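Engineer: Got a structure for you, written out below as structure tokens; questions coming shortly.
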Amino acid sequence: PPDQALEWSDSGVAGAYRFLRRLWAYAAEHQDSIRAAGELDAAVLSEPLRAVRREIHEALRQALFDFGRHQFNTVVSGGMKILNALGRIEAGADAPAAAVRREGLSILLRLLSPIAPHVTHALWRELGHGEDVLNAAWPEPDPAALARSLVTLVVQVNGKLRGQIEVPVDADRAAIEQAARAEPNVQRFVEGRPIRKIVIVPGKLVNMVC
71 PPDQALEWSD
81 SGVAGAYRFL
91 RRLWAYAAEH
101 QDSIRAAGEL
111 DAAVLSEPLR
121 AVRREIHEAL
131 RQALFDFGRH
141 QFNTVVSGGM
151 KILNALGRIE
161 AGADAPAAAV
171 RREGLSILLR
181 LLSPIAPHVT
191 HALWRELGHG
201 EDVLNAAWPE
211 PDPAALARSL
221 VTLVVQVNGK
231 LRGQIEVPVD
241 ADRAAIEQAA
251 RAEPNVQRFV
261 EGRPIRKIVI
271 VPGKLVNMVC
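Residue 280 is where the sequence shown ends in this note's numbering, and the numbering goes up by one at each step.
Structural data, given as structure tokens:
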């Protein structure tokens, strides 16, 4: 940030250079599928693609907040997170995957355009988004992409971590208890012992008291 002490580091420049090279290589590798990709239909996305898209929009939300605070170094870090998320989409994937890839790179290029204008301008045109990235609308997080269909809960036995489970966000108490009891490592610690009480902290944990 401008109001903080700045310590020059050649390693920082080298890291930024490597990131931009990765971005260029990724865009070149997937250029054809991105240019041919259709509109994104979130309703047909698989759970792994939903997770990638959620990660992209979470990183975007944080990066926009950092832009507002002039924390440009963490904006770039957010861009790296987006590129890493895109890298988890399988190569040669289907149309929904190509649409997520296209959306993600579009977000990334617009996000980085004030920081790396020449690279983002060139890639914007090569990927078929338009003539000038500076004329494109500023990216905004999609609330639907940020919504989670599953939540991860840690499972404790007598206050000690013994496992974790993944359940639908709207799962009722009975479904959560059933999933916790079925967790293999948890079963090892409750086997042969009566469970006197189960405490559930919504969205966080399940604690079995024996």
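Glycine residues also receive a C-beta, built at the ideal position from the N, C-alpha and C atoms. For clarity, every value in this text was computed on a predicted model and none was experimentally measured.
Thinking C-alpha only, which one of F135, A168 and L181 is nearest I152?
Structural biologist: Here the closest residue by C-alpha is L181.
Engineer: Going along the chain, which unbroken runs of the beta strand (DSSP E) with 3 or more residues stay wholly within the stretch 193 to 256?
Structural biologist: Whole beta strand (DSSP E) segments, 3+ residues: 220 to 227 and 230 to 238.
Engineer: Assuming V226 contacts M278 (C-beta within less than 8 Å), just tell me the rounded distance between them.
Structural biologist: Per the sequence shown, the amino acid found at residue 226 is Gln instead of Val. Q226 to M278, Cβ: 7 Å. Contact.
Engineer: Does DSSP put I268 in a helix, a strand or coil?
Structural biologist: In the structure shown, I268 sits in a strand (DSSP, three-state: E or B).
Engineer: Mind checking whether A98 and E196 have CB atoms under 9 Å apart?
Structural biologist: Closer than 9 Å, so yes.
Engineer: Please confirm if the stretch 121 to 139 is in contact with the stretch 205 to 222, defined as three or more CB-CB distances below 8 Å between the two stretches.
Structural biologist: Output reads yes: the stretch 205 to 222 touches the stretch 121 to 139.
Engineer: Pull up the DSSP beta-bridge partners for N277, would you.
Structural biologist: Its beta-bridge partners are Q226 and V269.
Engineer: Counting Cβ pairs, one atom from each stretch, are 3 or more of them under 8 Å apart for the stretch 106 to 121 and the stretch 182 to 190?
Structural biologist: Contact fails: fewer than three Cβ-Cβ distances are below 8 Å.
Engineer: Below 8 Å on the Cβ atoms is my contact criterion, and I expect A86 with V146 to pass it. Report the Cβ-Cβ distance as a whole number of Å.
Structural biologist: So it is a contact: roughly 7 Å between Cβ atoms.
Engineer: Which first and last residues belong to the alpha helix (DSSP H) in which V146 is found?
Structural biologist: From DSSP, the alpha helix (DSSP H) with V146 extends over F142 to L156.
Engineer: According to the Cβ coordinates, are L90 and V189 closer than 9 Å?
Structural biologist: Yes, they are a contact pair.
Engineer: Using only the alpha-carbon positions, how far apart do A250 and V224 sit?
Structural biologist: Cα-Cα distance, rounded: 9 Å.
Engineer: Nearest CA to the CA of A241: which residue from K274, G174 and G148?
Structural biologist: Nearest C-alpha to A241: K274.
Engineer: Cβ atoms of S176 and A206: under 9 Å apart, would you say?
Structural biologist: Yes, they are a contact pair.
Engineer: Note down, in chain order, each residue of its chain lying with its Cβ closer than 6 Å to the Cβ of E261, except the 5 sequence neighbours on either side.
Structural biologist: Cβ within range, chain order: n/a, list empty.
Engineer: Short of 7 Å in beta carbon distance, which residues of its chain neighbour G108, apart from the five on each side in sequence? Order them along the chain.
Structural biologist: Contacts found: A165 and A169.
Engineer: What would DSSP say about D80, mapped onto helix, strand or coil?
Structural biologist: Helix, per DSSP.
Engineer: Less than 8 Å between the CB of D111 and some heavy atom of the ligand ZN, yes or no?
Structural biologist: Looking at this structure, you won't find the ligand ZN or any other ligand, since it has none at all.
Engineer: A161 by DSSP, collapsed to three states: which one?
Structural biologist: Three-state result, A161: coil.
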